[in-house]
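See below for the structure under consideration.
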Amino acid sequence: MSNKFFLTALCLSIMVIAESIWSANYLSAAGKIQIKTPLAIIPTPQATLSLESQNTTAKIGEDFETSIVVDPGVRPFQAVDANIFFDKDKLQVKEIIPTVTEEGAQYPQNTFDNVKGRLGVSLLLFNQPLAGKTAIAKVIFTPIAQGEATVNFDFLLGGKNDSNVVLYKEAVDSLGKVANLTLTVLP
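Position in the sequence shown counted from 1, then plus 94, gives you the numbering used here.
Here it is, written out as structure tokens:
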């Protein structure tokens, strides 16, 4: 008998709370009351990862350089995971060059796989976060076949196992958008 009472009381409590929240939202939208403090503040993803290059054309066999750039927005960043897919039939990675040299900067992941067409660069900043638009690495590609080649971040807004940017004193992914690269490979 006490279990039925407990479950009934629990259901009624949930219904009262749900009705209160709905009523507050309805009255707020109608302009009858003003809610001054939201229940939770969820940060809006504001950081951008981009692949930047001087040119968007290259010749077969001639090395081509692109930079992995993070723009954190208005706040500094303390960690980046850039996971990238590239067209393995048209491009091969020759080298990844870390570009952040500040004290405490570590690159736990700096790898590529030309068979799978993937590369990964991770940067952790232990001593001092970085503010503003920053190139975190240069990638040297060698074009191997003619045509249009794509280089794309592995990114899904809100994803956990893809590219991420963590802002200073935040414990959540703040990556909101990416700018990929399309390269035309000439003979």
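Note that the Cβ used here is the ideal one computed from N, Cα and C, for glycine as well.
- Between the alpha carbons of residue 230 and residue 194 lies a distance of about 6 Å.
- Around the beta carbon of residue 281, fewer than 16 other beta carbons lie within 10 angstroms, which makes this residue exposed.
- Partner residues in the beta bridge of residue 143, as assigned by DSSP, are 164 and 272.
- Boundaries of the beta strand (DSSP E) harbouring residue 212: 212-219, taken from the DSSP string.
- Judged by their CB atoms, residue 227 and residue 161 are not nearer to each other than the 7 Å cut-off.
- CA-CA distance, residue 221 to residue 241, rounds to 44 Å.
- Here residue 239 has 154, 183, 184 and 279 as same chain residues with Cβ atoms under 8 Å from its own Cβ, once five neighbours each way along the sequence are excluded.
- With contacts defined by Cβ atoms closer than 7 Å, residue 219 and residue 172 form a contacting pair.
- In the three-state reduction of the DSSP assignment, residue 248 falls in the coil class, being assigned neither a helical nor a strand state.
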